[in-house]
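Quick notes on the structure that follows.
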Amino acid sequence: MSTQKISQLRAPRVLIENKISFAGPDSEVSIYDTYEAASRVRLDADELLFCGMVTGRKIMHTTGAETIAKGQVFLPHESFVMAPGGIVEIDFPDATLENPTTCLTVEISKERVSSISDRLNDSLPILELVDQWQSKTPVLHTHHSTETQRLLTRLTTLFTENHPD
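Pasting the structure below:
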């Protein structure tokens, strides 16, 4: 799909969380643009959800976290991963029509994650004290490198071009 076509698809239909999605087997890539300031916009993760910030700034309020009241600032070159069933409320303090806040998400089905996890558990030795690996929190917020940002761009290209990979 051409860059011009993607730009046309991204044209604002709604001002808050204007979303376009590209589905593949067991996964989906979405681009979210927000064009006006908003508070406490709810996002529910049905599947494992990786979020990569592209432009702008968000404040992420996660349930059950100590930072729920003030939230965590989410900027470009940062990643936010949500477990299935996770909920976050998002503030868009700086979003405008001229300077939208943009985020890229990659959603991976629970079945695919389970399949990969099973293969890892079968092929790697399990520590004596641990039966299976588990995360202690339903969300993970971290900085990522320029290479990760390039990988996100490449994934978006593969999905938008309906590439067989």
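Each residue of the sequence shown is one higher than the one before, counting from 14 in our numbering.
Idealized CB from N, CA, C, for every residue including glycine.
Since the structure is predicted, the reported quantities are computational estimates derived from the model, not experimental observations.
Can you tell me whether residue i is helix, strand or coil according to DSSP?
i, result
"residue 28", "coil"
"residue 92", "strand"
"residue 165", "helix"
"residue 133", "helix"
Taking the alpha carbon of residue i as the point to measure from, which residue in the options has its own alpha carbon closest?
i, options, result
"residue 118", "24, 21, 164 and 49", "164"
"residue 58", "166, 87 and 98", "98"
"residue 94", "46, 156 and 48", "156"
"residue 125", "41, 28 and 54", "41"
"residue 162", "39, 63, 48 and 35", "63"
When burial is assigned at 16 or more other CB atoms within 10 Å of the CB, is residue i buried or exposed?
i, result
"residue 120", "buried"
"residue 46", "buried"
"residue 110", "exposed"
Between residue i and the rest of its own chain, which residues show a CB-CB distance below 6 Å, the 5 nearest in sequence each way excluded?
i, result
"residue 66", "87, 88, 89, 91 and 116"
"residue 84", "72, 73 and 74"
"residue 31", "25 and 46"
What does DSSP give as the partner residues of residue i in its beta bridges?
i, result
"residue 51", "105"
"residue 34", "43"
"residue 71", "87"
"residue 22", "DSSP, once it has assigned bridges, lists no residue as partnering residue 22."
"residue 119", "42 and 63"
"residue 156", "91"
Only counting the same chain, and skipping five residues up and downstream in sequence, which positions put a Cβ closer than 7 Å to that of residue i?
i, result
"residue 166", "none"
"residue 106", "50, 70 and 72"
"residue 80", "In this prediction, residue 80 has a pLDDT of 47, which is less than 50 and means its spatial position is unreliable; nothing more can be read from the coordinates."
"residue 132", "none"
"residue 60", "97, 120, 121, 122 and 123"
Spatial neighbours of residue i within its chain, please: CB distance less than 8 Å, with the 5 preceding and 5 following residues excluded, ordered by chain position.
i, result
"residue 33", "19, 22, 23, 43 and 44"
"residue 53", "74, 102, 103 and 104"
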